[in-house]
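Asker: Chains as they are written, first to last, in the UniProt record's numbering: chain B, 1 to 306; chain P, 1 to 360; chain C, 1 to 380. Ideal placement from N, C-alpha and C gives every residue a C-beta, glycine not left out.
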């Protein structure tokens, strides 16, 4: 196993992590500010990807599609908040789980009703295909580098938004004391809609960006939703910093586990058995990581909240 | 919520009125009228569940008998989950694991009994068995053991962390079952011949339904007895105010852990019954979707109500069966109904039919 | 949609009103119409219904239900069809794990089951049954045929990859069985995995001269898109499950050049196939996939057997099915002793079609008269 391969796999892990962060940041914001568990967050990811695929196919422009994907996800998010979610803020977590579970069913089957059962086509634009040659003669796809770049840019933007703007101030206030900001005359319901739409828009962006690399199909949001939950729980629910570190940790551990566990087991097992055992263990790895972290730090690494 | 929660919030199976200690006469009479309506609804529910399949059997409609068995078993699994969620306030998003483990005990045991191979031969020989009694015992014990391990770690966390850590453990075991080839991996494991019981023909649909029905009634009776005991009072207090419990000198952690273990054992027994009903067990029984469905059933019926899981299971399975026949987009309508229930019928279907529980 | 609704309503009514004539034939179809992978079920259903429509028979009633890809639901639906609706024949299941949940008990209870897609090895071997017919393929067929083809084409260092679940390990075993040579590596991915960067880096790092993979459905789409953008240049091979007409449209240009084995191709020249492809496009305004072809063949096999016997006469009907006296859209078709197909497997290449979209083009035959290896374990 060469060092260049290791570096490349680390890059892959970071790239997976940045995309997970886009999902996880919305989830964790919504939980931090409104105290809501949203299982339907993966549906916004799907909405973003479908809108991007549709607009890209009809206009030929990936950037237009991307804009449409973010806008559609944010809009659908705002609508869902207005119609359903705001009735759930004072409800127990259990009701939130049931309602958002129901939303998953509605979104998945509604999407299939509108777009049909077949996966949609969506690819990176031609000016982002191709690869760059890294030191050590490894080729790395430009598009994946762009994803990493986007992830970093959005992390910084989110940081600035939360630490430097009025909206961010309110978000922070909402995270630390929900009743207080109402008492201070901040229009809470508008803030909640805004935060929810922001989270949905970020999920839509992730869906659109990743959709170009993966398959745009019904149910695409579910695996990534579970991963995003793992991320925010590891990082500490409500903490953006925790979400970022959790996302990178999960991305890197998952990627390296998939590659190196089968190889590790080959040291003392016949190859075909080793790959079987190794990849079975790799599938369980991030959940083991999460259980271990929670066993020692029951509120995650950087808890902002109880 | 009132402070009147240490008394039981459930009537016994025989529908005796529970002892009421409130001094307010008006409240008492209101509660009594609730009891009447509630008792009637509950008795009707249980009676119909017993009588309809029996009638269907003698009219020759085997399918409805099996459908009733399915409802009964899923209700039983939900009774287990309700003990954790409803009474204990422990929102487990991983109860499918116990359901699946129970199922795999039945499946693996039957597999070895059929193959005449031992389950393990070292350090001592464990043969397979096609006896339901053995299967049930092992399923209950293994589920209790697994829940003890998972609960011991998970109960250190609370709230969303608890939801997610139970999910994480469930996912671990789900992936393990998916990729472990010996017992079929993702393809699952068929049970060729239903496991057997002494003195009863378990392959007869009505007999099997009655077995399941007995299991459900027992599970509900255990829950009811448990919640009326001092242990139940402590558990309720642990859910409502664990600081007060701690000041009373009782550590909430072991109380929660024990009820989590009992909850898992009930769900595991249901899983063993389900595997025998279907003649099949697969990792789908362990998936997070199934955990979610069990939660949906509990909430649908009414959280923390003795009859809630039964009402929820009846409604959920009927919707699944009827809507599935009408449109291929049935899950969309299922979602709309669920959303309607959670938004507009806050205390579940039973709350809507039978009135609120007193501690709500 | 309307048709399904009508069928569904009919189904609701049929529980109370038994109106069917005694000699009518009832077929129950359990298939995946919702959620991920539902385009397979939709195509099986549409192909099946097209054949019935073309036959003009009105004494065959088809009841259709969605299994949502859940084994326990499929099992429950099979009970519903057998015990309540008293169907003569069951069909429709797409996935091996659902087939394993449903088929053994169905056929033991005396109902015929015809598989339009899944072919797990157990059902071909030790669990084979006289009432079970596979009209599609045994799961190893297409992978094995690709192994034989790649050997014939002179690829000496293939690397092979599949998800870590029974159909995946079977696929790689089937490939190796007919490839009869050393592979430079075996990669197991996770079920439902969406990111393949790690695997692609490993493939590039290996000394392989070719890649064979089995990643059905969305997994294949994701992989091929990421493969294209990685810049690795290596010929890729697979089975038709990653290259049906619907999937390659979603993959786009990344699929072009890939070769895949299939038991059917839309440009296969025979009379039955012309009738099928034209009829399908006219009725549903889209290109059929191999799943539609399998559904169509399944219906035609049933129709051909109905010409000689009614399913109530089980022995005569079984004999009529075994004869397989119908015009298959894939050319020659006959059953082996375990009632699984003996058929030619073709190689197709993904090319750019006239409309600029990728499409499959028939290249030739990979293996003639392929038969599964499990029939020896089958005692009927």
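On a Cα-Cα basis, can you pick out the residue from C:83, C:121, C:87 and C:82 that is closest to residue 373 (chain C)?
Answerer: The count along the third chain starts at 1 and reaches residue 373 (chain C) at position 373. Selected option, being the one with the closest Cα: C:121.
Asker: Quick check on residue 108 (chain P) - is its C-beta less than 9 Å from some C-beta in chain C?
Answerer: For the purposes of this step, residue 108 (chain P) is taken as residue 108 along the second chain, with counting starting at 1. Cβ-Cβ to chain C under 9 Å: no for residue 108 (chain P).
Asker: Look up residue 344 (chain P) in the DSSP assignment and say whether it is helix, strand or coil.
Answerer: Along the second chain, one-based indexing puts residue 344 (chain P) at 344. Residue 344 (chain P) falls in the helix class under three-state DSSP.
Asker: So is residue 219 (chain C) in contact with chain B if we call contact Cβ pairs under 9 Å?
Answerer: Residue numbering aside, residue 219 (chain C) sits at position 219 when the third chain is read from its first letter. Yes, its Cβ sits closer than 9 Å to a Cβ of chain B.
Asker: Can you give me, in chain order, the residues of the segment 173 to 203 of chain P that have a beta carbon less than 8 Å from any beta carbon in chain C?
Answerer: 175, 178, 179, 181, 184, 185, 186, 187, 188, 190 and 192
Asker: Could you round the C-beta distance between residue 270 (chain P) and residue 132 (chain P) to whole angstroms and report it? I think they count as a contact, below 8 Å.
Answerer: Within the second chain, the letter at position 270 stands for residue 270 (chain P). Within the second chain, the letter at position 132 stands for residue 132 (chain P). Distance from residue 270 (chain P) to residue 132 (chain P) at the Cβ level is roughly 13 Å; contact not present, criterion being Cβ atoms closer than 8 Å.
Asker: Identify the contact partners of residue 8 (chain B) in chain C, using a Cβ-Cβ distance below 7 Å as the criterion.
Answerer: Numbered from its first residue, the first chain carries residue 8 (chain B) at position 8. Simply 201.
Asker: Can you list, in chain order, the residues of the segment 82 to 98 of chain P whose Cβ is nearer than 8 Å to any Cβ on chain B?
Answerer: Residues 85, 91 and 93.
Asker: Tell me whether residue 162 (chain C) sits in a helix, a strand or coil according to DSSP, three-state version.
Answerer: Here the question's residue 162 (chain C) lines up with position 162 in the third chain. Strand, per DSSP.
Asker: Which residue or residues does DSSP assign as beta-bridge partners of residue 208 (chain B)?
Answerer: For this step, residue 208 (chain B) is matched to residue 208 along the first chain. Paired residues: none, contrary to the question.
Asker: Taking a contact to mean a Cβ-Cβ separation below 9 Å, would you say residue 114 (chain C) touches residue 94 (chain C) in this structure?
Answerer: To locate residue 114 (chain C), count along the third chain from 1; it is residue 114. To locate residue 94 (chain C), count along the third chain from 1; it is residue 94. Contact flag unset, no.
Asker: Measuring only the C-alpha atoms, how far is residue 76 (chain B) from residue 191 (chain P)?
Answerer: As a working note, residue 76 (chain B) is residue 76 in the first chain. As a working note, residue 191 (chain P) is residue 191 in the second chain. Answer to the nearest angstrom: the Cα atoms are 46 Å apart.
Asker: Go ahead and pull the three-state DSSP assignment for residue 228 (chain C).
Answerer: Within the third chain, the letter at position 228 stands for residue 228 (chain C). DSSP places residue 228 (chain C) in helix when its eight states are reduced to three.
Asker: Please determine, among B:95, B:21 and B:299, the residue with the shortest C-alpha to C-alpha distance to residue 224 (chain B).
Answerer: Position 224 of the first chain, counted from the first residue, corresponds to residue 224 (chain B). Measuring from the Cα of residue 224 (chain B), the nearest candidate turns out to be B:21.
Asker: Of all the CB atoms in chain B, is at least one closer than 9 Å to the CB of residue 38 (chain C)?
Answerer: Along the third chain, read from residue 1 onward, the residue named residue 38 (chain C) stands at position 38. Yes, residue 38 (chain C) counts as interfacial toward chain B.
Asker: Shortest alpha-carbon distance to residue 369 (chain C) belongs to which of C:181, C:331, C:60 and C:354?
Answerer: Here residue 369 (chain C) refers to the residue found at position 369 of the third chain. Taking only the C-alpha atoms, the option nearest residue 369 (chain C) is C:331.
Asker: Can you find a CB in chain C that lies within less than 9 Å of the CB of residue 224 (chain B)?
Answerer: On the first chain, position 224 is the one that residue 224 (chain B) refers to. True, the Cβ-Cβ gap to chain C drops below 9 Å.
Asker: Are the CB atoms of residue 135 (chain P) and residue 96 (chain P) within a distance shorter than 9 Å?
Answerer: By 1-based counting over the second chain, the position of residue 96 (chain P) is 96. By 1-based counting over the second chain, the position of residue 135 (chain P) is 135. In this structure, residue 135 (chain P) does not lie closer than 9 Å to residue 96 (chain P) by Cβ.
Asker: Could you compute how far the alpha carbon of residue 248 (chain B) sits from the alpha carbon of residue 187 (chain P)?
Answerer: Taking the first residue of the first chain as position 1, residue 248 (chain B) is located at position 248. Taking the first residue of the second chain as position 1, residue 187 (chain P) is located at position 187. Approximately 34 Å, taken between the alpha carbons.
Asker: Hey, would you say residue 209 (chain P) sits closer than 9 Å to residue 68 (chain P), going by beta carbons?
Answerer: Here residue 209 (chain P) refers to the residue found at position 209 of the second chain. Here residue 68 (chain P) refers to the residue found at position 68 of the second chain. Going by C-beta atoms, residue 209 (chain P) is nearer than 9 Å to residue 68 (chain P).
Asker: Please determine, among C:240, C:76, C:245 and C:65, the residue with the shortest C-alpha to C-alpha distance to residue 327 (chain P).
Answerer: The residue you call residue 327 (chain P) lines up with position 327 of the second chain. With distances taken between Cα atoms, residue 327 (chain P) lies closest to C:65.
Asker: Can you tell me the Cα-Cα spacing of residue 239 (chain C) and residue 214 (chain B), whole angstroms?
Answerer: Translated into the one-based positions of the third chain, residue 239 (chain C) becomes position 239. Translated into the one-based positions of the first chain, residue 214 (chain B) becomes position 214. Roughly 19 Å separates the two Cα atoms.
Asker: Touch check for the segment 104 to 114 of chain C and the segment 51 to 58 of chain C: three-plus C-beta pairs under 8 Å?
Answerer: no
Asker: State the DSSP-derived secondary structure class of residue 203 (chain P), mapped to helix, strand or coil.
Answerer: The count along the second chain starts at 1 and reaches residue 203 (chain P) at position 203. Residue state, collapsed to three classes: coil.
Asker: Is there a C-beta anywhere in chain B that falls below 9 Å from the one on residue 250 (chain C)?
Answerer: Here the question's residue 250 (chain C) lines up with position 250 in the third chain. Closer than 9 Å: yes.
Asker: Per DSSP, residue 26 (chain C) is paired with what?
Answerer: Within the third chain, residue 26 (chain C) is the residue found at index 26, counting from 1. Per DSSP, C:61.
Asker: Could you have a look at residue 93 (chain C) and say whether DSSP puts it in helix, strand or coil?
Answerer: What you label residue 93 (chain C) is simply residue 93 of the third chain in a count that begins at 1. DSSP places residue 93 (chain C) outside both helix and strand once states are collapsed to three, so it counts as coil.
Asker: Taking any Cβ of chain B, which residues in the segment 226 to 242 of chain C have a Cβ under 7 Å from it, in chain order?
Answerer: 226, 229, 230 and 231
Asker: So, at 8 Å on beta carbons, what are the nonlocal neighbours of residue 269 (chain B) in its own chain, with the 5 sequence-adjacent residues on each side left out?
Answerer: Along the first chain, one-based indexing puts residue 269 (chain B) at 269. Excluding the 5 residues flanking it on each side, residue 269 (chain B) has same chain C-beta neighbours closer than 8 Å at 277, in chain order.
Asker: Mind checking who residue 267 (chain P) pairs with in its DSSP beta bridge?
Answerer: The sequence position of residue 267 (chain P) within the second chain is 267, counting from 1. Residue 267 (chain P) pairs with nothing; no bridge assigned.
Asker: Counting only the same chain and skipping the five closest in sequence on each side, list residues whose C-beta sits under 6 Å from that of residue 246 (chain B).
Answerer: For the purposes of this step, residue 246 (chain B) is identified with residue 246 of the first chain, where counting begins at 1. Once the five neighbours on either side are set aside, the close Cβ partners of residue 246 (chain B) are 231, 234 and 235.
Asker: For residue 187 (chain C), write down the residues that DSSP places opposite it in a beta bridge.
Answerer: One-based indexing of the third chain puts residue 187 (chain C) at position 187. Per DSSP, C:161.
Asker: Identify each residue in the segment 89 to 106 of chain B for which the Cβ-Cβ distance to at least one residue of chain P is less than 9 Å, and report them in chain order.
Answerer: 91, 92, 93, 94, 95, 96, 97, 98, 99, 101, 102, 103, 104, 105 and 106
Asker: Hey, quick one: how far does the beta strand (DSSP E) through residue 85 (chain P) stretch, first residue to last?
Answerer: For the purposes of this step, residue 85 (chain P) is taken as residue 85 along the second chain, with counting starting at 1. Unbroken run through residue 85 (chain P): none, as it is neither H nor E.
Asker: Chain B partners of residue 222 (chain C), CB-CB under 8 Å?
Answerer: Here residue 222 (chain C) refers to the residue found at position 222 when the third chain is read from its first residue. Neighbours of residue 222 (chain C) on chain B, chain order: 213, 214 and 215.
Asker: Which same chain residues end up closer than 8 Å to residue 155 (chain P) when comparing Cβ atoms and leaving out the 5 residues on each side of it in sequence?
Answerer: What you label residue 155 (chain P) is simply residue 155 of the second chain in a count that begins at 1. Correct list, in chain order: 90, 162, 253, 256, 257 and 260.
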